[in-house]
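Participant: My structure is below; once you've seen it, I'll send some questions.
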Amino acid sequence: MDNLPGLCWITDSHNVLKYANKYFLKNFNLSENVLGKKHEEIFGQDIAQGSHVNNLEVLRTKQNYEFYQTIRDEHGHPRYFKTYKFPLIGTEDDMVGAISFDISKNKRLEDELYQSDLQFRQAFEHSLVGMALISPEGKWLRINKSLCDMLGYSEEELQGFYIQDITYADDLEDNISYLRQLKDGKVDNLKVEKRYIHKDGSYVWVMISVTMLKDSMGYPLHYVSQIEDISNRKSIEEDLQLSEKKYRTIFENVQDVFYQTNQEGLVTEISPSIEHYSGYQREEILGRDVDKFYYYTQDRERIIEKLRTSGSVIDFEVRLKTKNHELRYASVNARLIIEDGIIKGTEGSMRDVTTRKFQENALKALNTELTASNEQKNKLLSIIGHDLRNPISGSLQLLDLTLTDFESTSADEVHNYLSMMKHELSNANELLEDLLSWAKAQFNSVSFSPNEITDIAGLIRKCIHNILPMAEKKSIVISQSVADGLTLTADKGMLETVLRNLISNAVKFSNKGGNINIKAVPYHKGVKFSVADNGLGIPKDKALQLFVKTSNYTTYGTAGEKGTGLGLNLCYDFVLKHGGQLWVHSESGKGSTFYFTIP
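The working numbering puts the sequence shown at residues 2 to 600.
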């Protein structure tokens, strides 16, 4: 007991200290002279009274007694002990033995651990970002509410899954590789983007920060993951991707200019980046009045007034001049320098926004293109919803009528119905072909493959052959005239589409017994084509709208044929892709001639 690393002592029934080991005496700064003295003399009345009471209880019950107690040291700091008392029956006056261990350090560690665990639980459960503990095999162990809300599952449902079960297939291989690196100790932590599959089947973009927690032996316990929903950010990134590509070069190398001026408006400090924008070297500007660098003095007056009233300016646009007296636009963020209530000068930063000003016109042009694109989209939906649906719906009704009353329907009536159906479906097919070609052209999915074409006459004959059934119904004569030795380099499919649309339009708007003539002649190192008819012609005010993309002008042919206006748009785009031009000469009631050139 003398060498036990704890307090050991024996007290008799009269509260007299009979024995104390070295650790006891050292702990309380006592000498061996205290042996044989009462506890009241050694520790004072309060401590002695408590000790005497539990000693008597031990002797009365003849049972061991275990308890915790707190004793303050000479500096007033609390120390925690765990004490064991036991009866020594049969000795002189009956005595009580005691052993006590200082557990202050353990108590502090327990308190710290409790606080740490409490803080972790609170942070885990109430975090606004998803948090999870995941086993080394990838099984969900513990999930907070934010993550459950993010993925649409309850905690119990997720605990039945592995992360592989709800990881988007394209991200799975990389995800497994990352986790293996953490498990093997190749990296301490990772931060990656990936996609989880939501309970409703959609996918959620997340940013994951993950660490592998290990035990004292270095074996993996579980992954600790913080998971942030970045779906909105990814959506915005995708929407802005095209714009970012277009303008990245403009902004990626921009460097702000930082400056300071004194109360008199003299430049006291400026960053070297000013040379890039103004042509002035830093030394040429220091000590000079800022007025010298404003293109218009009223800009200087405006910014001074704003600083006086507000104390600062944000994104304040001014016009500056370079060393070569060129106009530059700058966005200024600045504030007053105030010391002890006195204005000492100004400081701030300038950013060259000249490019941004020039880009405003480009953005307006883009907005015009977007408006035109939306109008074309609305037109496409209108055609699909009305012009394409009607012939198909009509054909279905005719088919239903024929099948319903087939036995009592004569052969002539069936033939008539089928002819009407063929007419309707032919119109629908023609419209569908135009729609597909137009859509491909709008989305730039039509490949442009120019090749040398030597048989222009044969190409025109092929186009006429496709239109001939429509022309024969109206007894229209189609002729062609091609100059000898003509060759050109063009996309054969596009050229056929242009000719076929122009010839088809000529047939639509020609009267029975009309004439159509197609010509191809040399023209400025290229070929000029023309398709002329003697049909209805086009009113002068309407002819101006034909090649305007925002115009939806169309009308019916001489036999009630319905046009969509897409054909001419398609012709215009294809001719333009070749670097040519398309125009029309027409007179109402006398016919039209459409011309186009292929360089």
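Ideal Cβ placement from N, Cα and C applies to all residues, glycine included. All of these numbers come straight from a predicted model, not from anything done at the bench.
For K529, which residues in the same chain have their Cβ closer than 7 Å to its Cβ, ignoring the five residues on either side in sequence?
Facilitator: So the qualifying residues of the chain are V522, Y596 and T598.
Participant: Answer yes or no: do V130 and E229 have a C-beta to C-beta separation smaller than 8 Å?
Facilitator: For V130 and E229, yes; Cβs fall inside 8 Å.
Participant: Helix, strand or coil for R336 per DSSP?
Facilitator: Here R336 sits in strand by DSSP.
Participant: Count the other CB atoms within 10 Å of the CB of K509; is the residue buried (16 or more) or exposed (fewer)?
Facilitator: When all chains shown are included, K509 counts as buried.
Participant: Determine the direct distance from the alpha carbon of S14 to that of V97, and round the result to whole angstroms.
Facilitator: Their backbone Cα atoms lie some 7 Å apart in a straight line.
Participant: Relative to the alpha-carbon of F102, which residue among Y163, L60 and W10 has its alpha-carbon at the smallest distance?
Facilitator: When only C-alpha atoms are compared, the closest one is W10.
Participant: Could you tell me which residues DSSP puts in a beta bridge with D175?
Facilitator: According to DSSP, D175 bridges with nothing at all.
Participant: Who does M208 pair with in a DSSP beta bridge?
Facilitator: In the DSSP output, where bridge partners are listed per residue, M208 has E194 and E229.
Participant: Quick check on the burial criterion: 16 or more other C-beta atoms within 10 angstroms. Buried or exposed for K86?
Facilitator: By the neighbour-count rule (16 or more Cβ atoms within 10 Å), K86 is buried.
Participant: How would you write the range of the alpha helix (DSSP H) that P523 sits in, first residue to last?
Facilitator: Not the alpha helix (DSSP H): P523 falls in the beta strand (DSSP E), residues N516 to P523.
Participant: Is the stretch 177-193 touching the stretch 208-223 in the sense that three or more CB pairs, one from each, lie closer than 8 Å?
Facilitator: Yes: at least three Cβ pairs fall under 8 Å.
Participant: With DSSP as the reference, please indicate the residues paired to Q261 in a beta bridge.
Facilitator: DSSP lists E270 and E348 as partners of Q261.
Participant: Please check the pair I144 and E126, which I expect to be a contact at CB under 8 Å, by giving their CB distance rounded to whole angstroms.
Facilitator: Their Cβ separation, rounded to whole angstroms, is 10 Å, which puts I144 and E126 out of contact at 8 Å.
Participant: So, does the stretch 324-335 touch the stretch 234-246, judging by three or more C-beta pairs under 8 Å?
Facilitator: With the cut-off at 8 Å, the stretch 324-335 and the stretch 234-246 do not touch.
Participant: Drop a sphere of 10 angstroms on the beta-carbon of S6, count the other beta-carbons inside from all chains shown, and report buried for 16 or more, exposed for fewer.
Facilitator: The question names Ser, but residue 6 in the sequence shown is Pro. Exposed, since its Cβ has fewer than 16 Cβ neighbours within 10 Å.
Participant: Assuming I11 is part of the beta strand (DSSP E), what are its boundary residues?
Facilitator: Residues L8 to D13.
Participant: So the candidates are A507, H579 and I48; which of them puts its Cα closest to the Cα of T559?
Facilitator: If we check each option's Cα against that of T559, A507 comes out closest.
Participant: Between the beta-carbon of D189 and the beta-carbon of T212, is there less than 8 Å?
Facilitator: Cβ distance < 8 Å, so D189 and T212 count as in contact.
Participant: Within 7 Å: the Cβ of S272 and any heavy atom of the ligand ATP?
Facilitator: The ligand content of the structure shown is nil, which means the ligand ATP is not present either.
Participant: Of the choices R309, G312 and R303, whose alpha-carbon is the least far from that of R320?
Facilitator: That would be R303, whose Cα lies nearest to the Cα of R320.
Participant: Tell me the rounded alpha-carbon separation between K293 and K358.
Facilitator: Rounded to the nearest angstrom, the two C-alpha atoms are 23 Å apart.
Participant: With a threshold of 6 Å on Cβ separation, who are the neighbours of Q582 within its own chain once the five nearest residues in sequence on each side are excluded?
Facilitator: Excluding positions up to five away in sequence, the list reads T598.
Participant: Find the nearest neighbour of T262 within the set L26, G349, D94 and E306, judged by alpha-carbon distance.
Facilitator: Considering only alpha carbons, the answer is G349.
Participant: Check whether the Cβ atoms of S482 and N518 lie closer than 8 Å to each other.
Facilitator: Yes, the Cβ-Cβ distance between S482 and N518 is below 8 Å.
Participant: Are the beta-carbon atoms belonging to V35 and I43 less than 8 Å from one another?
Facilitator: Contact: yes.
Participant: Give the single residue among K38, N4, E361 and N30 whose Cα lies nearest to the Cα of N22.
Facilitator: Of the candidates K38, N4, E361 and N30, the one whose C-alpha sits nearest the C-alpha of N22 is N4.
Participant: Rounded to whole angstroms, what is the Cα-Cα separation between I305 and E318?
Facilitator: Taking the straight line joining both Cα atoms gives about 13 Å.
Participant: N535: which of E588, P79 and G161 sits nearest, CA to CA?
Facilitator: Taking only the C-alpha atoms, the option nearest N535 is E588.
Participant: When DSSP labels each residue in this structure, what does V17 get in the three-state scheme?
Facilitator: Reduced to three states, the DSSP call for V17 is strand.
Participant: Run through DSSP, which three-state label would R122 get?
Facilitator: Three-state DSSP puts R122 in a helix.
Participant: For P88, count neighbouring C-beta atoms within 10 Å of its own C-beta (all shown protein chains included) and say buried if the count is 16 or more, exposed if not.
Facilitator: Label assigned to P88: buried.
Participant: Let's see if you can read the secondary structure: which residues bound the beta strand (DSSP E) around D103?
Facilitator: Counting along the chain, the beta strand (DSSP E) containing D103 begins and ends at M96 to D103.
Participant: Taking the alpha carbon of Y418 as the reference point, which residue from K187, Q360, L400 and T62 has its own alpha carbon closest?
Facilitator: Checking every option, the nearest Cα to that of Y418 belongs to L400.
Participant: For L571, tell me which candidate among Q70, K187 and L547 has the shortest Cα-Cα distance.
Facilitator: Of Q70, K187 and L547, the residue nearest in Cα terms is L547.
Participant: Excluding five sequence neighbours on each side, which residues of the same chain lie with their C-beta closer than 6 Å to the C-beta of T250?
Facilitator: In this prediction, T250 scores a pLDDT of 47, lower than 50, which makes its location untrustworthy; the coordinate-derived value is nonetheless stated afterwards. If we look at T250 and ignore the five residues flanking it on each side, it has no Cβ neighbours.
Participant: What does the alpha-carbon distance come out to for the pair V255 and K578?
Facilitator: Reliability of the predicted coordinates at V255 is poor, the pLDDT of 46 falling under 50, and no value is obtained from them.
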